[in-house]
Each structure stands twice: as structure tokens, then as C-alpha cells.
Amino acid sequence: MQKDAKRRRGRPLGSSDQEGKRQEFVAAVRRSIAENGYKDVTVATICAAGGFSRGLIGHYFPGKDALLLHAVRELAQEFESATRAAVEGAGQDPFDRLHAVVAASFREPVFTEERVLVWVALASTAHWSPELAEVYRKLYRPYHRGLARLIKKAGDERGVKINSERLAVTLTQLVEGLWSGWAADPKTVSVREAEAACHDLLNAFLDARP
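Taking the UniProt record's numbering, I'd label the letters of the sequence shown as residues 1 to 210.
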């Protein structure tokens, strides 16, 4: 009887209860990174953000570092999914698809204060963390390749000769730089003007109309 009771009270790996608790930890990590910066996140700040006891993390993750990486990987996957959905919803014109990528980069669900701050923290810390650098590369490289393909298609359709790889790098770094600028001072770099600047970049290079 006692064994049966313990079995009922236990949480088998992969259960919906356990996954729900893991997602609560992910949300707490994001809040903690946004409030403290990546380097200053501790078990205490995570537990304070989520209202957990300090010993609870070990029941769901091997440790703090594993939890941090899991949370950041999920964020990268969410960015990828949201951007893909925006592209697919923009029709078949590659020029329209590029503008959809820009719009998605500065609007929900991609662009929220918390998510931008977490991503800026990741980008600024990746140089000193091989694990974070790998997360960054896994998102950045496919994103860059996809942009370059769209840029080449848009240029070909519009009769514009362009270095698609270079413009893809320029657009990617412009978006990321504007995110960083907004995170530092939202009054100087407004979301509206940041998005407009990226649309202007695409128009300047790809809009062949007089």
C-alpha cells in the first residue's frame, strides 16, 4: 500500500505535470535574466522570480546552467517558429516575405521587452560561453541563409544585382543592433523607428521602381 501511494504521488518523467513545472522554471529564468542580466542570474534570483523553493530546481533540471541553456534554446526556437509563420503568411513574393521578417522582428510575439532583454543578454555573453555561442549559431546561421535566399530571389525578380550574403548580414546585424539600442534607451531608439529603418534598408537595395 505504501509503495502504491508513493507511486501515485510521484511524477513520472515526461508527464504533463512535470512539463508544466519545467515551463514555469523557464518563465522564471527569462524574468530573472531580463531583470538581472545573464551573468547575475542565480538559483536565488530564479526562485524569487518564480516563487519556488531553492531545492526544487534539482527535481527538474541537472542544475542552474542546464536550466538557463534550456530556457535560451526554447526562446531561440520560438523566434524561429514565429519568423517562419510570418514569412509563410506573406504570400509568395520574396520582397514581401523579407518585409514580413522585418515586421515580425519588431512586433509580438517576437518583440517583447522580456524577450528582447533576454536575447541581448545572450548575444552579449556568447563570446565567453561556448554553450551560449552554440545556441546563437544554431539560430543565426539558418536565419542568415534564409534571408540570403529571399534577398537573391527578390533581386532576381526585380532585376537588381546585389550581394545577397552581404545584405543578409547587414539586415541581421541592423535588427540586432537596434534591439540592443532599444534595450539601452527606448526613448532614443523607438520600436516604430527601428522597424522603419529596416524596411528602408530593404527598399534602398531592392526596390527597383523609379
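Glycine included, C-beta positions come from ideal geometry on N, C-alpha and C.
Next item on the list: Determine the contact status of L167 and I151, defining contact as a CB-CB distance below 8 Å.
Entry: Start at 1 with the first residue of the sequence shown, and residue 167 comes out as number 167. Start at 1 with the first residue of the sequence shown, and residue 151 comes out as number 151. Taking 8 Å as the cut-off, the Cβ atoms of L167 and I151 count as close.
Check: In angstroms, rounded to a whole number, what distance separates the CA positions of C47 and R31?
Finding: In the sequence shown, counting from the first residue as 1, residue 47 sits at position 47. In the sequence shown, counting from the first residue as 1, residue 31 sits at position 31. C47 and R31 have their C-alpha atoms spaced approximately 11 Å apart.
Note to self: Assess contact between the stretch 188 to 195 and the stretch 75 to 87, defined as three or more Cβ pairs (one per stretch) separated by less than 8 Å. Is contact present?
What the structure shows: Under the Cβ criterion (8 Å, minimum of three pairs), the stretch 188 to 195 does not count as touching the stretch 75 to 87.
Margin query: Among the candidates E176, A76 and L69, whose CA atom is the shortest distance from the CA of R22?
Written below: Along the sequence shown, one-based indexing puts residue 22 at 22. It is L69 whose Cα lies nearest to the Cα of R22.
Note to self: Suppose you measure from the CA of I33 to the CA of W119; what does that come to, to the nearest Å?
What the structure shows: In the sequence shown, residue 33 corresponds to position 33, counting from 1. In the sequence shown, residue 119 corresponds to position 119, counting from 1. C-alpha separation (whole angstroms): 9 Å.
Next item on the list: Answer yes or no: do L117 and V135 have a C-beta to C-beta separation smaller than 8 Å?
Entry: Counting from one through the sequence shown, the residue named residue 117 turns up at place 117. Counting from one through the sequence shown, the residue named residue 135 turns up at place 135. V135 sits away from L117, with the two beta carbons spaced by 8 Å or more.
Check: Nearest-angstrom Cα distance between D207 and R97?
Finding: Locating residue 207 in the sequence shown gives position 207, counting from the first residue. Locating residue 97 in the sequence shown gives position 97, counting from the first residue. Straight-line Cα distance between these residues: approximately 14 Å.
Checklist line | Cβ distance (whole Å) where A71 is taken to contact V29 below 8 Å | finding: On the sequence shown, residue 71 is found 71 positions in, with the first residue counted as 1. On the sequence shown, residue 29 is found 29 positions in, with the first residue counted as 1. Contact holds; Cβ gap of about 4 Å.
Notebook entry, point to check: Roughly how many angstroms separate the alpha carbons of K153 and W182, rounded to a whole number?
Noted result: Position 153 of the sequence shown holds residue 153. Position 182 of the sequence shown holds residue 182. So the two alpha carbons sit approximately 31 Å from each other.
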